[in-house]
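In terms of this note's numbering, the sequence shown is residues 1309 to 1500.
The C-beta atom is built at its ideal place from N, Cα and C for all residues, glycine as well.
All values reported here derive from a predicted model rather than from experimental measurement.
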Amino acid sequence: MTTRDEGNKSSNRRALDKFNLGLRLMAGAFILFMLTSLFYLYVAVGNSWNLVANALFDSRILGALWISVSSAFIVGALAIAVAIPTSYILTYNEFRGKQLLETLLIEFPQTFPPATVGLVYLLMLGPGSPINIAYTYPAVLIAKLYVSAPFALSFILRRFREIQVRSRCNRRVVRRGDPADSAVGFASLVLN
(Lines of atoms letter the chains of each structure in order from A and count residues from 1; the text may use other names and numbers.)
(Lines give C-alpha, C1' and ligand atoms only; values in the text may rest on other atoms or scores of the structure.)
Protein backbone atom coordinates (compact mmCIF):
# COMPACT_ATOMS: atom_id res chain seq x y z
CA MET A 1 0.00 0.00 0.00
CA THR A 2 1.38 3.39 -0.95
CA THR A 3 1.45 6.47 1.21
CA ARG A 4 -1.06 8.06 -1.17
CA ASP A 5 -3.58 5.25 -0.49
CA GLU A 6 -2.98 5.58 3.25
CA GLY A 7 -3.53 9.33 3.00
CA ASN A 8 -6.82 8.80 1.12
CA LYS A 9 -8.01 6.30 3.74
CA SER A 10 -7.08 8.69 6.51
CA SER A 11 -8.95 11.60 4.91
CA ASN A 12 -11.95 9.36 4.24
CA ARG A 13 -11.96 8.29 7.90
CA ARG A 14 -11.82 11.93 9.04
CA ALA A 15 -14.69 12.84 6.73
CA LEU A 16 -16.73 9.89 8.02
CA ASP A 17 -15.95 10.86 11.62
CA LYS A 18 -17.13 14.43 10.95
CA PHE A 19 -20.27 13.12 9.28
CA ASN A 20 -21.00 10.82 12.24
CA LEU A 21 -20.35 13.67 14.65
CA GLY A 22 -22.75 15.87 12.70
CA LEU A 23 -25.43 13.17 12.76
CA ARG A 24 -24.99 12.68 16.50
CA LEU A 25 -25.20 16.42 17.17
CA MET A 26 -28.38 16.75 15.09
CA ALA A 27 -29.94 13.68 16.76
CA GLY A 28 -28.93 14.97 20.20
CA ALA A 29 -30.45 18.39 19.51
CA PHE A 30 -33.68 16.78 18.32
CA ILE A 31 -33.88 14.47 21.36
CA LEU A 32 -33.20 17.38 23.71
CA PHE A 33 -35.88 19.47 21.97
CA MET A 34 -38.48 16.70 22.20
CA LEU A 35 -37.77 15.84 25.85
CA THR A 36 -37.65 19.48 26.91
CA SER A 37 -40.97 20.14 25.18
CA LEU A 38 -42.55 17.06 26.74
CA PHE A 39 -41.45 17.89 30.28
CA TYR A 40 -42.37 21.56 29.88
CA LEU A 41 -45.87 20.57 28.77
CA TYR A 42 -46.39 18.57 31.95
CA VAL A 43 -45.01 21.28 34.20
CA ALA A 44 -46.77 24.16 32.41
CA VAL A 45 -50.15 22.45 32.37
CA GLY A 46 -49.94 21.12 35.89
CA ASN A 47 -47.88 23.92 37.46
CA SER A 48 -46.35 21.21 39.63
CA TRP A 49 -45.44 17.55 39.47
CA ASN A 50 -48.03 16.71 42.16
CA LEU A 51 -50.88 17.84 39.94
CA VAL A 52 -49.47 15.80 37.07
CA ALA A 53 -49.13 12.69 39.25
CA ASN A 54 -52.69 13.11 40.59
CA ALA A 55 -54.06 13.58 37.07
CA LEU A 56 -52.35 10.40 35.87
CA PHE A 57 -54.35 8.33 38.35
CA ASP A 58 -57.69 9.99 37.62
CA SER A 59 -60.30 7.47 36.42
CA ARG A 60 -60.98 9.45 33.23
CA ILE A 61 -57.28 9.51 32.33
CA LEU A 62 -56.91 5.79 33.05
CA GLY A 63 -60.03 5.08 30.94
CA ALA A 64 -58.66 7.10 28.04
CA LEU A 65 -55.31 5.36 28.39
CA TRP A 66 -57.03 1.94 28.36
CA ILE A 67 -59.00 2.85 25.21
CA SER A 68 -55.85 4.12 23.49
CA VAL A 69 -53.64 1.15 24.34
CA SER A 70 -56.21 -1.60 23.77
CA SER A 71 -57.46 -0.10 20.51
CA ALA A 72 -53.85 0.30 19.31
CA PHE A 73 -53.19 -3.42 19.80
CA ILE A 74 -56.46 -4.44 18.14
CA VAL A 75 -55.99 -2.07 15.22
CA GLY A 76 -52.37 -3.18 14.80
CA ALA A 77 -53.49 -6.80 14.50
CA LEU A 78 -56.33 -5.86 12.13
CA ALA A 79 -54.03 -3.74 9.96
CA ILE A 80 -51.56 -6.59 9.62
CA ALA A 81 -54.37 -9.08 8.97
CA VAL A 82 -55.71 -7.04 6.06
CA ALA A 83 -52.34 -5.79 4.78
CA ILE A 84 -50.77 -9.22 4.25
CA PRO A 85 -53.33 -10.61 1.77
CA THR A 86 -53.73 -7.24 0.06
CA SER A 87 -49.96 -6.89 -0.33
CA TYR A 88 -49.70 -10.41 -1.68
CA ILE A 89 -52.35 -9.71 -4.32
CA LEU A 90 -50.76 -6.38 -5.28
CA THR A 91 -47.32 -8.00 -5.56
CA TYR A 92 -48.05 -11.22 -7.43
CA ASN A 93 -51.04 -10.28 -9.62
CA GLU A 94 -51.26 -7.94 -12.58
CA PHE A 95 -54.57 -6.22 -13.34
CA ARG A 96 -55.94 -3.00 -14.76
CA GLY A 97 -55.98 -0.12 -12.32
CA LYS A 98 -53.41 -1.67 -9.99
CA GLN A 99 -51.39 1.56 -9.65
CA LEU A 100 -54.54 3.59 -9.03
CA LEU A 101 -55.68 1.10 -6.40
CA GLU A 102 -52.29 1.31 -4.65
CA THR A 103 -52.53 5.10 -4.67
CA LEU A 104 -56.03 5.01 -3.21
CA LEU A 105 -55.07 2.47 -0.55
CA ILE A 106 -51.68 3.84 0.50
CA GLU A 107 -50.83 7.39 -0.54
CA PHE A 108 -54.28 8.98 -0.54
CA PRO A 109 -55.26 8.09 3.05
CA GLN A 110 -51.87 9.27 4.31
CA THR A 111 -52.54 12.79 3.05
CA PHE A 112 -55.39 13.36 5.51
CA PRO A 113 -54.60 14.59 9.01
CA PRO A 114 -56.01 12.25 11.68
CA ALA A 115 -58.33 15.00 12.96
CA THR A 116 -59.90 15.28 9.50
CA VAL A 117 -60.37 11.52 9.36
CA GLY A 118 -62.10 11.69 12.73
CA LEU A 119 -64.47 14.39 11.52
CA VAL A 120 -65.31 12.45 8.36
CA TYR A 121 -66.07 9.33 10.36
CA LEU A 122 -68.10 11.35 12.86
CA LEU A 123 -70.28 12.57 9.98
CA MET A 124 -70.38 9.12 8.36
CA LEU A 125 -71.12 7.13 11.51
CA GLY A 126 -72.73 9.75 13.73
CA PRO A 127 -76.27 10.92 14.37
CA GLY A 128 -78.33 10.96 11.20
CA SER A 129 -76.42 8.08 9.63
CA PRO A 130 -77.92 4.61 9.15
CA ILE A 131 -75.61 3.23 11.84
CA ASN A 132 -75.09 5.63 14.70
CA ILE A 133 -71.95 4.35 16.39
CA ALA A 134 -70.23 7.70 16.97
CA TYR A 135 -68.36 7.99 20.27
CA THR A 136 -68.18 4.21 20.66
CA TYR A 137 -65.25 1.81 20.83
CA PRO A 138 -65.97 0.34 17.35
CA ALA A 139 -65.89 3.87 15.90
CA VAL A 140 -62.45 4.40 17.46
CA LEU A 141 -61.26 1.15 15.90
CA ILE A 142 -62.60 2.09 12.45
CA ALA A 143 -60.99 5.54 12.49
CA LYS A 144 -57.65 4.22 13.76
CA LEU A 145 -57.67 1.45 11.16
CA TYR A 146 -58.13 3.99 8.36
CA VAL A 147 -55.17 5.98 9.66
CA SER A 148 -52.81 3.06 10.35
CA ALA A 149 -53.63 0.46 7.67
CA PRO A 150 -51.93 2.40 4.82
CA PHE A 151 -48.64 2.38 6.76
CA ALA A 152 -48.86 -1.36 7.39
CA LEU A 153 -49.86 -1.99 3.77
CA SER A 154 -46.98 0.13 2.45
CA PHE A 155 -44.41 -1.62 4.66
CA ILE A 156 -45.63 -5.16 3.93
CA LEU A 157 -45.98 -4.44 0.21
CA ARG A 158 -42.32 -3.32 0.08
CA ARG A 159 -41.26 -6.52 1.84
CA PHE A 160 -43.27 -8.73 -0.53
CA ARG A 161 -41.70 -6.97 -3.51
CA GLU A 162 -38.22 -7.46 -2.05
CA ILE A 163 -38.97 -11.16 -1.66
CA GLN A 164 -40.26 -11.29 -5.23
CA VAL A 165 -37.06 -9.71 -6.60
CA ARG A 166 -34.84 -11.97 -4.47
CA SER A 167 -36.73 -15.07 -5.49
CA ARG A 168 -36.36 -14.15 -9.18
CA CYS A 169 -32.60 -13.74 -8.73
CA ASN A 170 -32.36 -17.01 -6.83
CA ARG A 171 -34.45 -18.88 -9.43
CA ARG A 172 -31.86 -17.87 -12.04
CA VAL A 173 -29.11 -19.34 -9.86
CA VAL A 174 -31.10 -22.53 -9.23
CA ARG A 175 -31.88 -22.98 -12.94
CA ARG A 176 -28.18 -23.20 -13.84
CA GLY A 177 -28.14 -26.73 -12.50
CA ASP A 178 -25.06 -26.60 -10.30
CA PRO A 179 -26.06 -28.19 -6.95
CA ALA A 180 -23.74 -25.88 -5.00
CA ASP A 181 -25.28 -22.76 -6.63
CA SER A 182 -28.77 -24.16 -6.03
CA ALA A 183 -28.08 -24.69 -2.34
CA VAL A 184 -26.63 -21.21 -1.93
CA GLY A 185 -29.54 -19.63 -3.83
CA PHE A 186 -32.14 -21.51 -1.78
CA ALA A 187 -30.38 -20.71 1.51
CA SER A 188 -30.15 -17.01 0.70
CA LEU A 189 -33.85 -16.91 -0.18
CA VAL A 190 -34.90 -18.65 3.03
CA LEU A 191 -32.47 -16.94 5.40
CA ASN A 192 -32.88 -13.36 4.14
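- With respect to the 8 Å criterion, L1449 and V1383 are classified as neighbours on the basis of their beta carbons.
- N1401 and I1388 have their alpha carbons spaced roughly 20 Å apart.
- Nearest Cα to A1457 within the set V1473, F1416, Y1445, G1436: F1416.
- Within the same chain, L1398 come within 8 Å of K1406 by CB-CB distance, once the 5 residues on both sides are set aside.
- Secondary structure of F1459 (DSSP, three-state): helix.
- In terms of Cβ geometry, L1413 and L1461 form a close pair [threshold 8 Å].
- If the five residues before and after A1442 are omitted, its C-beta is found closer than 6 Å to the C-beta atoms of L1430, L1433, G1434, all from its own chain and listed in chain order.
- The criterion of a C-beta distance shorter than 8 Å is satisfied by S1395 and F1468.
- One alpha carbon belongs to K1326, the other to F1347, and they sit about 31 Å apart.
- The Cβ neighbour count for L1329, taken over all protein chains shown within 10 Å, is under 16; the residue is labelled exposed.
- The C-beta separation of I1375 from Y1445 comes to about 7 Å, placing the pair in contact by the 8 Å criterion.
- Relative to A1447, the option among F1341, Q1472, V1428, I1464 whose CA is nearest is V1428.
- When secondary structure is reduced to three states using DSSP, R1474 falls in the helix class.
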